[in-house]
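> Structure below; questions to follow.
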Amino acid sequence: MFEYLKIQSILRSYSVYFSEDTDSLISQFQTNNTFFFVDKNVHEKFLSDLLPAKQKNVILIEANELNKTPEFCLTLIKIMVDNGIKKSSKLVAVGGGVIQDIASFISSILFRGIDWIFFPTTLLAQADSCIGSKSSINFDQVKNLLGTFNPPSEIYINTSFLNTLSVSDIKSGIGEIFHYYYYKNSDYIPRMVSQYHEILANRGLIEPYIKESLSIKKEMVEKDEFDKGPRRVFNYGHTFGHALEALTDYYLNHGQAVTIGMDLANYISLNLGFIDQLQYDIMRKELEINFPEFRFPLESFDKYLQLLSKDKKNTNENVTCILTKGKGNLFLYELIFDEKNKLLVRGYFASNFA
5 MFEYLKIQSI LRSYSVYFSE DTDSLISQFQ TNNTFFFVDK NVHEKFLSDL
55 LPAKQKNVIL IEANELNKTP EFCLTLIKIM VDNGIKKSSK LVAVGGGVIQ
105 DIASFISSIL FRGIDWIFFP TTLLAQADSC IGSKSSINFD QVKNLLGTFN
155 PPSEIYINTS FLNTLSVSDI KSGIGEIFHY YYYKNSDYIP RMVSQYHEIL
205 ANRGLIEPYI KESLSIKKEM VEKDEFDKGP RRVFNYGHTF GHALEALTDY
255 YLNHGQAVTI GMDLANYISL NLGFIDQLQY DIMRKELEIN FPEFRFPLES
305 FDKYLQLLSK DKKNTNENVT CILTKGKGNL FLYELIFDEK NKLLVRGYFA
355 SNFA
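For what it's worth, our numbering labels the leading residue of the sequence shown as 5, then goes sequentially.
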């Protein structure tokens, strides 16, 4: 095991470790004063012997967006309280972004905060969400409307977990990785494009891409931990992508929805004169390898606009989004959704995903 990154946080500094010895690491937390939130699928494949489900401190969770709700979090808190959780207890989360969000949110409000440790098991969690302090849960059909800032005390990454993921899950993680690379204009972009299909077949190739993604994010998180200023450019693709996820009841995975969202942001940037056709075409060719099989329901376009209007990043009646002047040059933009821009967005979906 070795420390790869140390994140300097206003709340508390924390470290990211890479290790293939998950069992011994989890075993060291096996005390009566530790509770475990574990993705059901991960538990079945890896941890059923190490963390028997009959233990009262082991809570198995179905990792889907529909469980990221206040009601479900309160149900979990009730289970923990009934089983003797204390202010001094630790919470260990093993799973992807859904498990992370639930664990981080609950640990931030229970007893006004308890210590938590994270073992990310999905590509999206390992390459992105594990650092940055954010926890988010969904409310009223709006993705990530509620949340807190609450980093784990330690993060342990074992890339062998990725071998059990579906191709869809890997593509979701790649979507998030791409968006960091476009922020930095990373030289990993052409490498990712050229190795894309190899990575889907051989997950052992992904570790350097994870490290590049985390290094880019670390630099920004330490500048703007609470997402008040420059870090907001990391919402690139997310405003449009989150609304797509909600429109499809989360059938569309997060990272591929963000991939479409980035392309839509680029398309708007092209039509507003911020980039030229060549710039758009180059990025489109890179992004489209990660597009999902998806048909946009044009009859639901008005609902899509309603979901966009509810995005938590909006500060007024306009849609606050991130546009681009080219790779490495993202910027915040207040998009007025007049009839012209509504037709522009509708035309994008009609041309590409109808």
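A virtual CB, placed ideally from N, CA and C, is assigned to each residue, including glycine.
From which residue to which residue does the beta strand (DSSP E) around Gly99 run?
By one-based count along the sequence shown, residue 99 stands at place 95. Residues 94-99.
> From Thr328, Phe305, Leu312, Ala97, pick the residue whose C-alpha is nearest to that of Phe357; which is it?
One-based indexing of the sequence shown puts residue 357 at position 353. With distances taken between Cα atoms, Phe357 lies closest to Phe305.
> DSSP on Ser134, reduced to helix/strand/coil?
Within the sequence shown, numbered from 1, the residue matching residue 134 stands at position 130. Residue identity differs from the one stated: residue 134 is Cys in this sequence, not Ser. Here Cys134 sits in coil by DSSP.
> Are three or more beta carbon pairs between the stretch 265-272 and the stretch 239-249 nearer than 8 Å?
Taking 8 Å as the limit for Cβ pairs, the verdict is that the stretch 239-249 does touch the stretch 265-272.
> Per the DSSP calculation, Ile121 is bridged to which residue(s)?
If you number the sequence shown from 1, residue 121 lands on position 117. Answer is Val96, Glu158.
> With DSSP as the reference, label Gly179 as helix, strand or coil.
Your numbering for residue 179 matches position 175 in the sequence shown. The answer is helix: DSSP assigns Gly179 an H, G or I state.
> On a CA-only basis, which of Lys60, Thr263, Tyr18, Phe39 is nearest Phe298? Give me that one, please.
The residue labelled residue 298 in the question sits at position 294 within the sequence shown. Per the Cα distances, Thr263.
> Okay, do the stretch 159-167 and the stretch 188-202 touch, 3+ Cβ pairs below 8 Å being the bar?
The stretch 159-167 vs the stretch 188-202: no contact.
> Can you check whether the CB of Ile110 is closer than 7 Å to the CB of Cys77?
Locating residue 77 in the sequence shown gives position 73, where the first residue counts as 1. Locating residue 110 in the sequence shown gives position 106, where the first residue counts as 1. It is a contact, given that the beta carbons lie within the stated cut-off.
> Would you tell me roughly how many angstroms separate the C-alpha atoms of Ile141 and Lys221, rounded to the nearest one?
For this step, residue 141 is matched to residue 137 along the sequence shown. For this step, residue 221 is matched to residue 217 along the sequence shown. Taking the straight line from one Cα to the other gives about 21 Å.
> Give me the residue from Lys138, Lys147, Phe143, Thr125 with the minimum Cα distance to Ser170.
Taking the sequence shown and counting its residues from 1, one reaches residue 170 at position 166. For the residues Lys138, Lys147, Phe143, Thr125, the minimum Cα distance to Ser170 belongs to Thr125.
> Helix, strand or coil for Leu15 per DSSP?
Within the sequence shown, numbered from 1, the residue matching residue 15 stands at position 11. Correct three-state label for Leu15: coil.
> Using a Cβ-Cβ distance cut-off of 7 Å, determine whether Ile121 contacts chain B.
No chain B appears in this structure, which consists of one protein chain only.
> Buried or exposed: Val62, going by 16 or more other Cβ atoms within 10 Å of its Cβ?
Taking the first residue of the sequence shown as 1, we reach residue 62 at position 58. Classification of Val62: buried, given that the 10 Å Cβ count is 16 or more.
> Does DSSP classify Glu338 as helix, strand or coil?
Your numbering for residue 338 matches position 334 in the sequence shown. In this structure, Glu338 counts as strand in the three-state DSSP scheme.
> Which residue's Cα is closest to the Cα of Gly259: Leu70, Thr324, Gly177, Leu204?
Here residue 259 refers to the residue found at position 255 of the sequence shown. Closest by alpha carbon: Gly177.
> Quick check on this structure: which residue in Asn333, Tyr186, Ser92 has the alpha carbon closest to the alpha carbon of Phe278?
Position 274 of the sequence shown, counted from the first residue, corresponds to residue 278. Of the listed residues, the one whose Cα sits closest to Phe278 is Asn333.
> Does DSSP put Asp27 in a helix, in a strand, or in coil?
The count along the sequence shown starts at 1 and reaches residue 27 at position 23. Here Asp27 sits in helix by DSSP.
> For the structure I just gave you, are there three or more beta carbon pairs, one from the stretch 65-79 and one from the stretch 130-139, closer than 8 Å?
In short, these stretches do not touch, since the Cβ pair count stays below three.
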